[in-house]
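Asks:
There are 2 protein chains.
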Amino acid sequence: MREGPDIARIASLVGDPARANMLSALMDGGALTASELALEAGVGLPTASSHLAKLGDGGLLSQSSQGRHRYFRLAGPQVAAMLEAIMGVAETAGPKRARPGPRDASMREARVCYDHLAGEHAVAMLDGFFTRGILDQGKDGVVMGKAGPSFFAAAGIDLSTLPGKRRPVCRACLDWSVRRSHLAGSLGAAILDRILEQKWARRDAQSRAIRFTPPGRRAFERTFLA
Amino acid sequence: MREGPDIARIASLVGDPARANMLSALMDGGALTASELALEAGVGLPTASSHLAKLGDGGLLSQSSQGRHRYFRLAGPQVAAMLEAIMGVAETAGPKRARPGPRDASMREARVCYDHLAGEHAVAMLDGFFTRGILDQGKDGVVMGKAGPSFFAAAGIDLSTLPGKRRPVCRACLDWSVRRSHLAGSLGAAILDRILEQKWARRDAQSRAIRFTPPGRRAFERTFLA
DNA sequence: CGCATGGTTTGATCCTAGTCGAAGCATCTT
DNA sequence: AAGATGCTTCGACTAGGATCAAACCATGCG
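Taken in sequence, the protein lines are chains P and R. For the first sequence, the residue numbers in this note's numbering are 12 to 237. For the second sequence, the residue numbers in this note's numbering are 12 to 237.
1) If I'm right that V90/R touches L71/R with Cβ under 8 Å, what's the distance once you round it to whole angstroms?
2) Which residue wins for smallest C-alpha separation from L48/P, given the options L24/P, R81/P, A19/P?
3) Anything in the segment 85-102 of chain P with a Cβ closer than 9 Å to a Cβ of chain R? List those residues in chain order, please.
4) Closest to L146/R by C-alpha separation, out of R122/R, E131/R, A195/R, would be which residue?
5) Contact check, M136/P vs L236/P under 8 Å by CB: the rounded distance?
6) Whole angstroms is fine: what's the gap from G40/R's alpha carbon to S76/P's?
7) Hey, out of A164/R, C124/R, F162/R, D17/R, whose CA is closest to A220/R's CA?
8) Who does I221/P pair with in a DSSP beta bridge?
9) If you reduce the DSSP assignment to three classes, tell me which class D204/R lands in.
10) Name the DSSP beta bridge partners of H132/R, please?
11) Is D215/P close to chain R, meaning its C-beta is less than 8 Å from at least one C-beta of that chain?
12) Helix, strand or coil, according to DSSP, for V154/R in the structure here?
13) Residues of chain R with CB closer than 8 Å to the CB of D27/P, please, in chain order.
14) Just confirm the distance between the C-beta atoms of A96/P and A92/R, as a whole number of angstroms; I'd bet it's less than 8 Å.
15) Compare the C-alpha of G139/P against each of R233/P, H127/P, T44/P and name the closest.
16) Whole angstroms are fine: how far does the CA of P16/R sit from the CA of P111/P?
17) Would you kindly report the start and end of the unbroken alpha helix (DSSP H) that includes L72/R?
18) Quick check on this structure: which residue in P160/R, R122/R, M155/R, G69/R has the alpha carbon closest to the alpha carbon of F223/R?
19) Which one or two residues does DSSP pair with Q148/R in a beta bridge?
20) Roughly how many angstroms separate the alpha carbons of P225/R and Q148/P, rounded to a whole number?
21) Taking Cβ to Cβ, would you say S23/R is nearer than 8 Å to S23/P?
22) Give me the Cβ distance between R119/R and E102/R, rounded to the nearest whole Å; I'm assuming they're in contact under 8 Å.
23) Excluding the 5 residues flanking V25/R on each side, which residues of the same chain have their C-beta closer than 7 Å to its C-beta?
24) Can you list, in chain order, the residues of the segment 53-69 of chain P whose Cβ is nearer than 8 Å to any Cβ on chain R?
25) What three-state label does DSSP hand R228/R in the structure shown?
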């Protein structure tokens, strides 16, 4: 008999297919209503409501009521990181899975992870930041490097607005498709915002995939990849 | 209805208390027999056998038969990393938990994570490695730095024996208690080996905690922490 | 107001999955 | 061989939990 964190309790929350679908649907960091999540999970409204209550009690979801709508979102970046970690082993440890099709390929290339960019592009970007001294691996994880401030200013990102919230500015997040780190934290979120704001890419409505336009991809590479 | 990795399948494997206990017991990277795991999980032998079969099919455990014993261990470092991630949210998202007692305090300070050192000491060590140029954050994650070879030679670790296996030499692993990275990979494993071999510390028999002897702690700090 | 819409609660149903006793294999010991 | 030990399989029992229909609140709109 062991002690330690009650891992079974929260794993069993994720272990139900309906709840897992809901959580996956929220992995893009957005907020959805109970009925949307019911649809997403392929389950009736009462069932969904019950599931959502459990996820709320379990601390995986936060809820906010607006009028007669009730919005649910992931409780925080840690929850998203955990889900990515589970996806990682599901991908490799899972039984013979159909090889990732074209849709999955675009997910591998670029997708939203909670509120920041993930996938091959994001991993390459973080690598470049390190080698160019834009970010550094410091005492408290990832930290701003010497070349950082001027770089981000040139890229149109205002660093002064980032601190102040409770979340760290820089954070590393393990990528389940590439299995290397990409940049999370408020800086990661700001970069994704910038990409979308410039209309270099748009979010797929159905999945978490990010689709770059051809000129957008070039602009992204010119700006963020050396 | 979503696609993507079958997250519910593997989360539900972890979601059963008996299986969660077994997995926790294996988090130290060691191998245990079916009966030991049954005891650890507080469950009968037939039940344990059934659980172990499921964990094996699910790809979370690897098994090896030696004589009439059957040994089980975690399938790989990714599985351990996932479990640590789940522990992380269980720790924060969990409901009012009893504040960590003395035993948990020693776990936070130093413990085994699969096959390498985790906890505050390990996080401080990796930080020091980065600032002293012993390791660097390179294109492919953590990589040997300029000062590395001479440093590890002085510390009694033979780098030439490390590569060759399928696992990376250096890897970052997110620490659930401190929520910052520590060093995994074969180099991380070699450092832990060295610490135990020098008898600077011993492993707690019951938990994953690592207990330094007073002179051992000084030697560790002198050797690995600046 | 009255009605529609979004969400929760209740109650009943059903089924999966965890549990163990007993019997069955396999392997080691004597 | 005969016995002991470690583990798995089989069979039966049970409990927990997922599900939905129907009734019940709450909010917004005309």
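Backbone N, C-alpha and C fix where the C-beta goes; we use that ideal spot for every residue, glycine too.
Replies: So, from the listed chains and residues:
1) Your numbering for residue 90/R matches position 79 in the second sequence. Your numbering for residue 71/R matches position 60 in the second sequence. Yes, V90/R and L71/R are in contact; Cβ-Cβ is about 5 Å, under 8 Å.
2) In the first sequence, residue 48/P corresponds to position 37, counting from 1. Answer by Cα proximity: R81/P.
3) Going along the segment 85-102 of chain P in chain order, one finds A86, G87, Q89, V90, A92, M93, L94, E95, A96, I97, M98, G99, V100, A101, E102 with a Cβ nearer than 9 Å to chain R.
4) Along the second sequence, read from residue 1 onward, the residue named residue 146/R stands at position 135. Nearest option by C-alpha distance: A195/R.
5) Taking the first sequence and counting its residues from 1, one reaches residue 136/P at position 125. Taking the first sequence and counting its residues from 1, one reaches residue 236/P at position 225. About 6 Å separates the two Cβ atoms, so the contact holds.
6) On the second sequence, residue 40/R is found 29 positions in, with the first residue counted as 1. On the first sequence, residue 76/P is found 65 positions in, with the first residue counted as 1. Looking at the two C-alpha atoms, the distance is approximately 45 Å.
7) The sequence position of residue 220/R within the second sequence is 209, counting from 1. With distances taken between Cα atoms, A220/R lies closest to C124/R.
8) Taking the first residue of the first sequence as 1, we reach residue 221/P at position 210. Bridge partners of I221/P: R214/P.
9) Reading the second sequence from its first residue, position 193 is the one you call residue 204/R. Residue state, collapsed to three classes: helix.
10) In the second sequence, counting from the first residue as 1, residue 132/R sits at position 121. In DSSP, H132/R forms no bridge with anything.
11) Residue 215/P sits at position 204 when you count from the first residue of the first sequence. Not closer than 8 Å to any Cβ of chain R, the Cβ of D215/P fails to qualify, so no.
12) Residue 154/R sits at position 143 when you count from the first residue of the second sequence. The answer is strand: DSSP assigns V154/R an E or B state.
13) Here residue 27/P refers to the residue found at position 16 when the first sequence is read from its first residue. Those within 8 Å of D27/P in chain R are A19, S23.
14) Walking along the first sequence from the start, residue 96/P turns up at place 85. Walking along the second sequence from the start, residue 92/R turns up at place 81. Going by Cβ atoms, the distance from A96/P to A92/R rounds to 6 Å, so yes, they are a contact pair.
15) Mapped onto the first sequence, residue 139/P falls at position 128. The residue with the shortest Cα to Cα distance from G139/P is R233/P.
16) Reading the first sequence from its first residue, position 100 is the one you call residue 111/P. Reading the second sequence from its first residue, position 5 is the one you call residue 16/R. Only weak support exists for where P111/P lies, its pLDDT of 47 falling under 50; the value from the coordinates is given anyway. Rounded to whole angstroms, P111/P to P16/R spans 10 Å at the Cα level.
17) As a working mapping, residue 72/R is identified with position 61 in the second sequence. Unbroken run through L72/R is the beta strand (DSSP E), 72-77; no alpha helix (DSSP H).
18) Looking up residue 223/R in the second sequence gives position 212. It is R122/R whose Cα lies nearest to the Cα of F223/R.
19) As a position in the second sequence, residue 148/R is number 137, starting the count at 1. Beta-bridge pairing links Q148/R to V153/R.
20) Position 214 of the second sequence, counted from the first residue, corresponds to residue 225/R. Position 137 of the first sequence, counted from the first residue, corresponds to residue 148/P. CA-CA distance, P225/R to Q148/P, rounds to 31 Å.
21) If you number the second sequence from 1, residue 23/R lands on position 12. If you number the first sequence from 1, residue 23/P lands on position 12. In terms of Cβ geometry, S23/R and S23/P form a close pair [threshold 8 Å].
22) Translated into positions along the second sequence, residue 119/R becomes position 108. Translated into positions along the second sequence, residue 102/R becomes position 91. Contact flag wrong, Cβ pair sits at about 10 Å.
23) As a first step, residue 25/R must be located in the second sequence, where it is residue number 14. A31, L34, I97.
24) G53, D68, G69
25) Indexing the second sequence from 1 puts residue 228/R at position 217. R228/R falls in the helix class under three-state DSSP.
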